[in-house]
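Chemist: Before we start, here is the structure in question, set down as structure tokens.
Residue numbers (our numbering), protein chains in the order written: chain D, 156 to 501; chain G, 117 to 383.
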């Protein structure tokens, strides 16, 4: 069921366009990530949804009810910011209580809710600490508890993990995901970190230049990117020369693939192939089509850098357990995994 | 090398401040002329009589009381005017900040003499009673303290990222007055105290306005007093200096201990 619907949102800051024609629907209980490079408009979209900015054009509906002119404090959304933004003069408990007081929740009800929040965010022993006595991860958990304590209709997270160090970031994102499922709150999460987005979102919306390029499940986004921006932005992708066949399919290396669009008569283009879909086999000089440039061991996988036909740089990710050690300068045959069917045509 | 340079620099700086103070103390509390100072005499003739002389002067207490009241009223006036302005500018119209920063500096462009003459001519025709009271100095001091007060408050707002706090509070459903009273103001305690301390220091040291408007405040009293009793006057000046420095130091330390960061950046 659709809970949030943003339609044709446009926003300018002076001369610069933040959002051109932005539309987004979020289903009830879903976690949607808005992902994109900095300046793509993702934070603006979130701030418009929250009510901190007003759209120049377009409509926002929550539960089929237009909220474009409802002020922030009446929208009943929870929000978590990048820099924690806890109230420094209040303890963790008082921070969580703040919103409940504003919503006129009774004292006993407040205590129950706070205790529950402290429990599910695992902050029981931090309850009476002030923000300056807590670590970044703890502070952000308090911020999260404060945001969901009021049972918001939608939870908005604006790069909540980017101020934290790598290890905390990873464990907290799992925690956010877990919490979101447990509470069942519809969530919009803004990030520039694709791993974060792919790891926790039900659906990821990739944005660039103030528009939504594609919104889909992480898997769909990775395997079937709709355009070259998405293909390049999510993960690594090789651009390998492709020639169209008379039947509209494409020849890429040794494979015949369906392209993201049909080829016209013997047209030349580039096909996008993920590094893990490339195969590399040692071969004789005469049947080789590539030369090993370099290979780096990354634990479970080994990434091999090759030069195809003397011009194209190709990356191949091989499972380390199968990867024969290649040496730079070695001639090899590069192909495409036999069960690959589609390619994106650039 | 840099360490040597750093320490050398610090020592020179310390001498620059401390030597005049020590000379002042010696003149005030030792009754031996410089020309007669030798290895034998440098410990002789010290006494605290000049302080007693100064503190038994009733006019001194009147002037001190006047200055203290002036400081209190000036603090109230500047805060009433500038605190809401600084807060609202920061959270509602941050683009106006550079303008306000420039604008609050304007009083320092106008020299005291021009300000006093301009104001007194205006008021003498319209409301002569205004200039009769010693408290007519309050608006002048408030104006004069504005650059410091505004910067101290603004630095405080920046330090607590007031705008994000405001947004965070709004997103939990709090009303504007609640946000100001329960979130913004409590976190500005440190910068409000800093602003007040700076205003106090300014009022306790201001001479030009008081002298031009013929009011007896602590600084004008001291200048007159020094002309009749040079040593007692200097002793008094020294005591006030130490007292003010200690008072500000204690306030800042108490705030630090309570986890509040006193920001004086931009001053």
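Glycine included, every Cβ here is placed at the ideal spot set by N, Cα and C. The model shown is predicted, which means the values in this text are computed figures rather than measured ones.
1. For residue 256 of chain G and residue 203 of chain D, what's the separation of their Cα atoms in angstroms?
2. Can you give the Cα-Cα distance for residue 421 of chain D and residue 392 of chain D, rounded to whole angstroms?
3. Whose CA, out of D/171, D/190, D/481 and D/354, lies closest to the CA of residue 445 of chain D?
4. Quick check on the DSSP output: the alpha helix (DSSP H) that includes residue 377 of chain D runs from which residue to which?
5. Helix, strand or coil: which one does DSSP assign to residue 244 of chain G?
6. Please look up how many angstroms separate the CB atoms of residue 184 of chain D and residue 339 of chain D, rounded, as I've assumed it's under 8 Å.
7. Kindly list the residues whose CB is nearer than 7 Å to the CB of residue 199 of chain D, restricted to its own chain and excluding five residues on each side of it in sequence; keep chain order.
8. Which bits of chain D does residue 299 of chain G rub up against, with CB to CB less than 7 Å?
9. What are the residues in the segment 209-224 of chain D lying within 8 Å of chain G by C-beta distance?
10. Compare the beta carbon distance of residue 373 of chain D and residue 386 of chain D with 9 Å and say whether it is the shorter of the two.
11. Identify the contact partners of residue 534 of chain D in chain G, using a Cβ-Cβ distance below 7 Å as the criterion.
12. Which residue marks the beginning of the alpha helix (DSSP H) containing residue 274 of chain D, and which one marks its end?
13. Could you give the uninterrupted runs of the beta strand (DSSP E) lying entirely in the segment 305-356 of chain D, keeping only those of 3 residues or more?
14. Determine the DSSP secondary structure at residue 322 of chain G, reduced to helix, strand or coil.
15. Using the beta-carbon count (16 or more within 10 Å), is residue 296 of chain D buried or exposed?
16. Any idea what DSSP makes of residue 251 of chain G, helix, strand or coil?
17. Please compile the residues from chain G whose C-beta is within a distance smaller than 7 Å of the C-beta of residue 258 of chain D.
18. What residues in its chain sit with their C-beta under 6 Å from that of residue 431 of chain D, if we drop five residues either side in the sequence?
19. Is the beta carbon of residue 332 of chain G sitting closer than 9 Å to the one on residue 178 of chain G?
20. Check the Cβ-Cβ distances between residue 340 of chain G and every residue of chain D, and say whether any is below 9 Å.
21. Any beta carbon of chain D sitting closer than 9 Å to that of residue 277 of chain G?
22. Going by beta carbon distance, what residues of the same chain come within less than 7 Å of residue 182 of chain D, once the five residues before and after it are set aside?
23. Should residue 135 of chain D be flagged as near chain G, meaning a C-beta pair shorter than 9 Å?
24. In the DSSP assignment, what are the bridge partners of residue 395 of chain D?
25. So if DSSP puts residue 459 of chain D in a beta bridge, which residue, or which two residues, is it bridged to?
26. From G/222, G/258, G/321 and G/136, pick the residue whose C-alpha is nearest to that of residue 195 of chain G; which is it?
27. Distance check for residue 282 of chain G and residue 267 of chain G, CA to CA, integer angstroms please.
28. Buried or exposed, going by whether 16 or more other CB atoms sit within 10 Å of the CB of residue 118 of chain G?
29. Contact defined as beta carbons within less than 8 Å: I believe residue 228 of chain D pairs with residue 290 of chain G. What is the distance between those atoms, to the nearest angstrom?
30. Opposite residue 369 of chain D in the DSSP bridges: which residues?
31. Given a limit of 7 Å on CB to CB distance, which residues of the segment 188-207 of chain D reach chain G?
32. Quick one: list the residues of chain D neighbouring residue 206 of chain G, beta-carbon separation under 8 Å, in chain order.
33. Could you tell me which of D/423, D/427 and D/320 sits nearest to residue 415 of chain D, measuring between CA atoms?
34. Of the choices D/171, D/169 and D/176, whose alpha-carbon is the least far from that of residue 163 of chain D?
35. Are there 16 or more other CB atoms within 10 angstroms of the CB of residue 329 of chain D, so buried, or fewer, so exposed?
36. Could you say which of D/440, D/460, D/305 and D/298 lies nearest to residue 327 of chain D if we only look at CA atoms?
Modeler: By the coordinates alone:
1. Their backbone Cα atoms lie some 45 Å apart in a straight line.
2. Distance between the alpha carbons of residue 421 of chain D and residue 392 of chain D is about 23 Å.
3. Selection D/171, D/190, D/481 and D/354 evaluated against residue 445 of chain D yields D/481 as nearest (Cα-Cα).
4. In the DSSP assignment, residue 377 of chain D falls within the unbroken alpha helix (DSSP H) covering 373-378.
5. Assigned with DSSP and collapsed to three states, residue 244 of chain G falls in helix.
6. Between residue 184 of chain D and residue 339 of chain D the beta-carbon gap is near 5 Å, inside 8 Å, which marks them as a contact.
7. Within the same chain, and ignoring the five residues on either side of residue 199 of chain D in sequence, the residues whose Cβ sits closer than 7 Å to its Cβ are 166, 173, 174 and 208.
8. 242, listed in chain order.
9. Flagged: no residues at all.
10. One thing to note: residue 373 of chain D has its Cβ no nearer than 9 Å to the Cβ of residue 386 of chain D.
11. Missing from the structure shown is residue 534 of chain D; chain D here goes from 156 to 501 and no further.
12. Per DSSP, residue 274 of chain D is one residue of the alpha helix (DSSP H) stretching across 262-275.
13. Listed in chain order, the complete beta strand (DSSP E) runs (minimum 3 residues) inside the segment 305-356 of chain D are 309-313 and 341-346.
14. Reduced to three states, the DSSP call for residue 322 of chain G is coil.
15. Buried: at least 16 other Cβ atoms inside 10 Å.
16. Helix.
17. Counting only Cβ-Cβ distances below 7 Å, residue 258 of chain D has contacts in chain G at 289, in chain order.
18. If we look at residue 431 of chain D and ignore the five residues flanking it on each side, its Cβ neighbours are 472.
19. Contact flag set, yes.
20. Look at residue 340 of chain G: its C-beta is not under 9 Å from any C-beta on chain D.
21. Residue 277 of chain G counts as touching chain D.
22. Cβ within range, chain order: 156, 157 and 158.
23. One cannot answer for residue 135 of chain D here, as it falls past the ends of chain D, which runs 156 to 501.
24. According to DSSP, which records beta bridges pairwise, residue 395 of chain D is partnered with D/426.
25. Secondary-structure assignment with DSSP links residue 459 of chain D through a beta bridge to D/450 and D/471.
26. Taking the Cα of residue 195 of chain G as reference, the smallest distance to any Cα among G/222, G/258, G/321 and G/136 is reached at G/258.
27. If you take the alpha carbons of residue 267 of chain G and residue 282 of chain G, they lie about 20 Å apart.
28. Burial check for residue 118 of chain G: the Cβ neighbour count within 10 Å stays below 16, so the residue is exposed.
29. Contact holds; Cβ gap of about 6 Å.
30. D/361, per the DSSP bridge assignment.
31. Within the segment 188-207 of chain D, 205 and 207 place their CB atoms closer than 7 Å to a CB of chain G, listed in sequence order.
32. Chain D residues near residue 206 of chain G: none, gap ~14 Å exceeds 8 Å.
33. Comparing Cα-Cα distances from residue 415 of chain D to each of D/423, D/427 and D/320, the minimum goes to D/427.
34. Residue 163 of chain D has its Cα closest to that of D/176, out of D/171, D/169 and D/176.
35. Answer is exposed; the Cβ neighbour count stays below 16.
36. Minimum Cα distance to residue 327 of chain D is reached at D/298.
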